[in-house]
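Right, one structure below, let's go through it.
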Amino acid sequence: MRTVYRGELPVVQGRFHVDSRRDPYGPGPSEACAGQTNGLCGAAVPGCLLLDTGPCTGRVGLTVEVHRAPPPLDDGWEEVVEASFRPVSASTAVLPCGHAALCEVDLPPADHRVRYCGRGLDRGGAADLRATAASGPVGHYLLQFWPAPPAADLVVRQTSRSARDRHRYARALPAPR
11 MRTVYRGELP
21 VVQGRFHVDS
31 RRDPYGPGPS
41 EACAGQTNGL
51 CGAAVPGCLL
61 LDTGPCTGRV
71 GLTVEVHRAP
81 PPLDDGWEEV
91 VEASFRPVSA
101 STAVLPCGHA
111 ALCEVDLPPA
121 DHRVRYCGRG
131 LDRGGAADLR
141 ATAASGPVGH
151 YLLQFWPAPP
161 AADLVVRQTS
171 RSARDRHRYA
181 RALPAPR
């Protein structure tokens, strides 16, 4: 296992993206989650992932890991989803929406599985942001990549209202053409 990044991430409108296309803004939720079961890790746009952090504009904790095989599932995460991801170039980056790359993720242009885990998804309202401005990030998130053949996206664990609402939204979207 290789830890690519561990630190804080600025988020705008509760999202950030992983992109091998190098678009600083990424797709919107309706495009990224089209035809999916989960609404937290939109993987419908080739070479791009749109990640939802809940109703937050501020700072969240983020860890990005690359594995050689599926990592064990950690029971400490409140939300866990998985999706398939295939970079379209040899350069993949984690991008806060509208900002420069936070970090590079060295993934070959081959099929991967991504697991996105979160804690604190229902936090991030105005009161939460004021309370945590001096004390640290509003929520914590983990992105794990490993080589794997393409498979349908999956909701592994859902505990928050925000995750429930985003999954419901994604399931109502038509599949991409």
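In this note's numbering, the protein residues as written are 11 to 187. Each residue gets a CB set at the ideal place from its N, CA and C atoms; glycine is no exception.
Closest to residue i by CA distance: which of the options is it?
i, options, result
"Asp29", "Trp87, Val98, Cys58 and Ala111", "Cys58"
"Gln168", "Asp132, Tyr15, Cys113 and Val104", "Asp132"
"His77", "Pro159, Leu117, Arg187 and Tyr179", "Leu117"
"Val90", "Tyr126, Ala42, Val104 and Glu18", "Tyr126"
"Ser170", "Arg32, Val22, Val55 and Gly149", "Gly149"
"Ala161", "Glu92, Ala180, Leu183 and Glu114", "Glu92"
"Arg12", "Pro81, Ala110, Arg176 and Ala173", "Pro81"
"Ser99", "Arg32, Gly146 and Cys51", "Arg32"
What is the rounded straight-line gap between the Cα of residue i and the Cα of residue j?
i, j, result
"Gly128", "Glu88", "6 angstroms"
"Ala185", "Thr63", "23 angstroms"
"Val166", "Asn48", "9 angstroms"
"Gly189", "Cys66", "What is shown of the chain runs 11 to 187, which leaves residue 189 out entirely."
"His122", "Leu83", "17 angstroms"
"Val14", "Gly38", "25 angstroms"
"Ala141", "Trp156", "A caution first: Ala141 carries a pLDDT of 49, below 50, which makes its placement in the model unreliable, though a value can still be read off. Computed Cα separation, rounded: 36 angstroms."
"Val22", "Ala120", "29 angstroms"
"His27", "Tyr179", "18 angstroms"
"Cys43", "Ala54", "6 angstroms"
"Ala137", "Pro147", "At Ala137 the pLDDT is 48, less than 50, meaning the model places this residue with poor confidence and gives no usable figure here."
"Tyr35", "Ser94", "21 angstroms"
"Gly130", "Pro56", "28 angstroms"
"Leu112", "Arg16", "11 angstroms"
"Arg174", "Leu50", "10 angstroms"
Taking only heavy atoms of the ligand HEM into account, decide whether any of them is closer than 6 angstroms to the Cβ of residue i.
i, result
"Gly57", "This structure does not include the ligand HEM; it has no bound ligands of any sort."
Secondary structure at residue i, three-state DSSP: helix, strand or coil?
i, result
"Ser94", "strand"
"Leu139", "Confidence at Leu139 is low in this model, with a pLDDT of 48, below 50, so its placement is unreliable and the value that follows should be read with caution. Correct three-state label for Leu139: helix."
"Tyr151", "strand"
"Asp29", "strand"
"Val55", "coil"
"His77", "coil"
"Asp62", "strand"
"Gly146", "coil"
"Thr102", "strand"
State the CB to CB distance for the pair residue i and residue j, rounded to an integer number of angstroms; the pair is presumed to be in contact (CB under 8 angstroms).
i, j, result
"Thr73", "Leu152", "5 angstroms"
"Glu18", "Arg69", "5 angstroms"
"Ser40", "Leu164", "Contact doesn't hold; Cβ gap of about 20 angstroms is too wide."
Terminal residues of the continuous alpha helix (DSSP H) containing residue i?
i, result
"Glu41", "Pro39 to Ala42"
For residue i, report the span of its beta strand (DSSP E) as first-last.
i, result
"Arg181", "Premise fails: Arg181 lies in the alpha helix (DSSP H), Arg171 to Arg181, not in any beta strand (DSSP E)."
"Gly128", "His122 to Arg129"
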